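These protein sequences, in sequence, are chains A, B and C.
Quick note, the first sequence lines up with residues 5 to 202 if you use the working numbering.
Quick note, the second sequence lines up with residues -13 to 83 if you use the working numbering.
Quick note, the third sequence lines up with residues 6 to 545 if you use the working numbering.
Idealized CB from N, CA, C, for every residue including glycine.
Computed from a predicted structure; not experimentally measured.
Report on the structure given below.
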Amino acid sequence: MTEHKDYAGSKMGMWLFLFTEILLFGGLFLLYSAYLHRYPGEFHEAGKTENLVLGGANTVILIGSSFTVALSITALRLGKIKHCLILLGLTVVLALSFLVNKFFEWSAKFSQGIYPGSEHMKTLPAGENVFNSLYFAMTGLHGLHVIIGSVLLSVVAVFVARGRVNRDDFVILENAGLYWHLVDLIWIFLFPLFYLIA
Amino acid sequence: MEHESKSPHILSYGFLTGIFAVLMVLTATTIIVSRIELGFMNVVVALSVASAKAALVVFFFMHLKYENWTLKIMVLLAFVLLAICIGFTFFDIGPRT
Amino acid sequence: MDQAPPRNLGFLTPQAGKNTLLSWIGSTDHKRIGLLYMACILTMFAVGVGIGLTLRLKLITPGNHLLAPQTYNALFTLHGVIMIFMVVIPSIPASFGNIFLPLQIGAEDVSFPRLNLFSWWLYVLGSSLALISIFTGNGPPDTGWTFYVPFSAKTTTNVSLAVIAVFVLGFSSILTGLNFITTIHRLRAPGMTWGKMPLFTWSLYATAWIQVLVTPVLGITAMLIFAERVLNLGLFDPGRGGDPLLYQHLFWIYSHPAVYIMILPAMGVISDIVPVFARKQIFGYKMIAFSSLAIAFAGSLVWAHHMFTSGMSDLAIWVFSLLTFIVAIPSAIKVFNWVATLHRGAIALEPPLLYALGFIFMFSVGGLTGLVQGAAGTDIHVHDTYFIVGHFHYVIFGGTGLGMFAAMHYWFPKIFGRMYDKTKAFISFWIILVGMNLLYFPMFVLGLEGMPRRYYDYLPQYATGQFLSTVGSWILAAGMAIMFANLIASIRNGRPVGSNPWGGASLEWSVSSPPPANNFTTEPVVTRGPYDFDGVVVDD
């Protein structure tokens, strides 16, 4: 049996998987659009409760992490294993920073009585209630993907360190990078919808 | 199927840094513009800038600019379908709410 | 008895030195995985049929209490969930698609064999979770397979576990689709251009795109029900600003294209069978291939025709009704082309063709009644009545079901290297056809006369139709029992056959029956088209 790896096929498979993630989040974007249309004023009001500093910082962090993972692929392809590992490490550190910021944001909301199903939320105007529910759903699902991506990148870093992923066979790193860029892409849209709506 | 040679195109550190810089500029822009009261246009501008940022990530960081047409069409198909799903829902939401 | 030379069992050959069970459930051979799916799907089908027969028994007369009302609600929910997610959606692609896609394009296996095995394990996990949800907590879900809010958010039955099961099953479907798309793009043998692929392969391609792109929407919908129940998220709660209709939009954005996942592969089977038994080139190959893609695309635009009575805007009703009529066109093209292929062909009325003809009849009836529903005005009258139940059983059971049976009778000799008893196959076909029509045709009448679906009991005026329908269910069950008994017994006892008992021209008929483990000893170079019968030798 012939054993040749299919580089283009492997990449195609990863892109197809990314489409599923786009459509998965797409359902939530559909809900957001519909409710924004219905409650424009209240979304504007509720947006004021968002922390623009943390949100903006997270945007820079995540785009930065996309930058570092793209660099890591270049590094590997140029044979610079050490650079590659440092850049991958940096990517994961940035990812974890993102999660730390998120933790602070969510904690702040919880302490204000804003969490799914809270009594306080029920007292808010309908549109603000929906905005907050969407906030938790969308940033929650996104955060889950940040965690998954971090684990994925860490595993790939181990593969790179062991030589299983190298300058001649790097599709696994590229595919992990693609997944990470998707996580960034989703945030690029979440940021204005939740933080710039005020 | 012929064995395609691996993509020879490597994006240099410098080029990637350039893209990152543009993304930072766009991020700063969108934050600044959001502080100006433009009404409905605020959403339009914010989403346009987001789309521009997304395009940079997709075409360069994700290397799509250098991939074959098959893949490019597939990506387009996925986004078109999402647009249809959201758009057609507005046939209902638009008049009703 | 003579000592016959030991038969070459190809990929079915027990693997020396390996635990038999592990050599199957740990196999990355697409043919074994396909058979694993087949066994599970047919088992779940039997469960679903059992539930269906029980429901029909309750409904045989008005006023009886054979089942408690809560049980009745749970049973029709389970019937739908099992049949749709565990049987029909995977049915042909996961079983016959897995076995024959690589063979038809001249490949050794699919692009991602280990992912393929993982898909099967996900299917097993999802099905197990769904079955467990029957027995734990407050009992099986009673919401109907559509899980509409607000009831699905509030009912104390085991909806949470059931939607997790649905999510897992959806993931399995997505990965299969992803695998097939990549395989078809990347692994076609030299000479196997897009224009030489069998139409079954084309149908799997179109289906795979639907699987990959819309199943995630089911995923998010399932997650949202879970979030409503467990986190009290309130996104669809009108009391907190939510819109229950948005749930329906999200649900049907998946579930309408899902019916094309169900029917396209069956249509592909028919497109492969008809030319072989008419000994004639298929009429309009390009149009049939194109129509599969057109159905996949257009079918993604029409979901809200399930919502005409929901309180949607008039504009949406108008638009979706119009679009629904457009979707009918590519399906009609296929039916026309099949009939045109048969016209003046050298018809060999073998069991596969018989089931294919049954498909064409049943699907046409079902499809035409779909037009009554697609027209918003008439849909107001028939929505949520037995008319709908009749329609979808005609297209899903009469369509995909008969398509599956056709595929079984067509490819059985290839998979097992034996032929079944054709007389029993004929008899079972006719019993099935009579039973199916007796079971489902009265439903159109009942629906038009106003009997709602999912009702526990009914007025005496509907008694005749319901009685006939239940009798039909018994006849249908009997026919299927004979059919399966015939096939299962023939696995061991059937007359051995060679590589090409039907004289097919597509690549799977060029290898031995059963196919060898690595499919092709040397990579095939394709020169003939899939329905080009010149020089094809029947090897019985």
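Is residue i close to chain A? Criterion is C-beta to C-beta, closer than 8 Å.
i: R245 of chain C; result: yes
i: Y(-1) of chain B; result: yes
i: D5 of chain C; result: A question about residue 5 of chain C goes unanswered here, because the residues of chain C that appear run from 6 up to 545.
i: F123 of chain C; result: no
i: M27 of chain B; result: no
i: T15 of chain B; result: no
i: G239 of chain C; result: yes
i: S116 of chain C; result: yes
i: I72 of chain B; result: yes
i: F261 of chain C; result: Residue 261 of chain C is actually His in this sequence, not Phe. No, H261 of chain C lies away from the interface with chain A (no Cβ there is under 8 Å from its Cβ).
8 Å is my cut-off, CB to CB: does residue i come that close to chain B?
i: V154 of chain C; result: no
i: M317 of chain C; result: yes
i: M5 of chain A; result: In this prediction, M5 of chain A scores a pLDDT of 38, lower than 50, which makes its location untrustworthy; no coordinate-derived value is stated.
i: L83 of chain C; result: no
i: M6 of chain C; result: Model confidence at M6 of chain C stands at a pLDDT of 44, short of 50, so the residue's coordinates are unreliable; what they give is reported in the following sentence. By this cut-off, M6 of chain C is not an interface position.
i: H41 of chain A; result: yes
i: T143 of chain A; result: no
i: A130 of chain A; result: no
i: I258 of chain C; result: yes
Cutting at 6 Å between CB atoms, please list the residues of its own chain near residue i, excluding the five before and the five after it.
i: D384 of chain C; result: F313 and Q378
i: F44 of chain B; result: Going by the sequence as given, residue 44 of chain B is Val instead of Phe. L50, listed in sequence order.
i: V394 of chain C; result: M448 and R458
i: K39 of chain B; result: L9 and L12
i: H149 of chain A; result: V187
i: Y43 of chain A; result: G131
i: Q471 of chain C; result: L64
i: E(-10) of chain B; result: Model confidence at E(-10) of chain B stands at a pLDDT of 46, short of 50, so the residue's coordinates are unreliable and nothing is read from them.
i: I65 of chain A; result: L98, S101 and F102
Which one or two residues does DSSP pair with residue i in a beta bridge?
i: T505 of chain C; result: Here residue 505 of chain C turns out to be Asn, not Thr, going by the sequence shown. In the DSSP output, where bridge partners are listed per residue, N505 of chain C has C:D544.
i: R500 of chain C; result: C:M424
i: T390 of chain C; result: C:P457
i: N230 of chain A; result: With chain A covering 5 to 202 only, the question about residue 230 of chain A has no answer from this structure.
Using a Cβ-Cβ cutoff of less than 7 Å, which residues in the same chain neighbour residue i once the five nearest sequence positions on both sides are dropped?
i: L42 of chain B; result: I5, V8 and L9
i: W29 of chain C; result: R37 and L41
i: A380 of chain C; result: S326
i: L197 of chain A; result: Y36
i: N105 of chain A; result: L58, A61 and N62
Counting contacts by CB-CB distance shorter than 8 Å, is residue i in contact with chain C?
i: A91 of chain B; result: Residue coverage of chain B in this structure runs from -13 to 83, which leaves residue 91 of chain B outside it and unanswerable.
i: K113 of chain A; result: no
i: I59 of chain B; result: no
i: F6 of chain B; result: no
i: K9 of chain A; result: no
i: V73 of chain A; result: no
i: T127 of chain A; result: no
i: T78 of chain A; result: no
i: F163 of chain A; result: no
i: L24 of chain B; result: no
i: T3 of chain B; result: no
Can you list, in chain order, the residues of its chain whose CB lies under 8 Å from that of residue i, leaving out five sequence neighbours each side?
i: L22 of chain A; result: L182, Y183 and L186
i: V175 of chain A; result: K9, Y11, S14 and K15
i: M317 of chain C; result: L250 and A309
Residues of the region 205 to 231 of chain C in Cβ contact with chain B at a cutoff of 9 Å, in chain order, please.
W214, V217, L218, V219 and V222
Three or more beta-carbon pairs under 8 Å between the region 105 to 115 of chain C and the region 511 to 524 of chain C, yes or no?
yes
Inspect the CB distances between the region 242 to 256 of chain C and the region 190 to 203 of chain C and report whether three or more fall short of 8 Å.
no
For the 8 Å Cβ check, are there 3 or more pairs between the region 288 to 295 of chain C and the region 234 to 254 of chain C?
no
What residues in the region 96 to 107 of chain A have a beta carbon less than 8 Å from any beta carbon of chain C?
none
Quick one: which residues of the region 171 to 200 of chain A get their C-beta closer than 7 Å to a C-beta of chain C? List them in chain order.
Listed by position, the residues of the region 171 to 200 of chain A near chain C (Cβ gap below 7 Å) amount to none.
Contacting positions in the region 44 to 70 of chain A - beta carbon closer than 7 Å to chain B:
G60, T63, V64, I67 and S70
Inspect the CB distances between the region 351 to 361 of chain C and the region 275 to 284 of chain C and report whether three or more fall short of 8 Å.
yes
Report the residues of the region 26 to 37 of chain A with a CB closer than 9 Å to any CB of chain C, ordered along the chain.
I26, L27, L28, F29, G30, G31, L32, L34 and L35
Contact list for the region 36 to 53 of chain B against chain A, Cβ threshold 9 Å:
A36, S37, K39, A40, V43, V44, F46, F47, M48, H49, L50 and E53
Does the region 488 to 506 of chain C come into contact with the region 77 to 95 of chain C, if we say contact requires no fewer than three beta-carbon pairs (one atom in each stretch) closer than 8 Å?
no
Which residues, in chain order, does the region 454 to 468 of chain C contribute to contact with chain A at a C-beta distance below 7 Å?
Correct list: empty, as no residue qualifies.
To be precise: take each residue of the region 161 to 189 of chain C, compare its Cβ to all Cβ atoms of chain A, and keep it if any distance is under 7 Å. Which residues remain?
I179, L183, I186 and T187
Pair every Cβ in the region 262 to 272 of chain C with every Cβ in the region 406 to 419 of chain C, then say whether three or more of these pairs are closer than 8 Å.
At 8 Å Cβ cutoff, the stretches touch.
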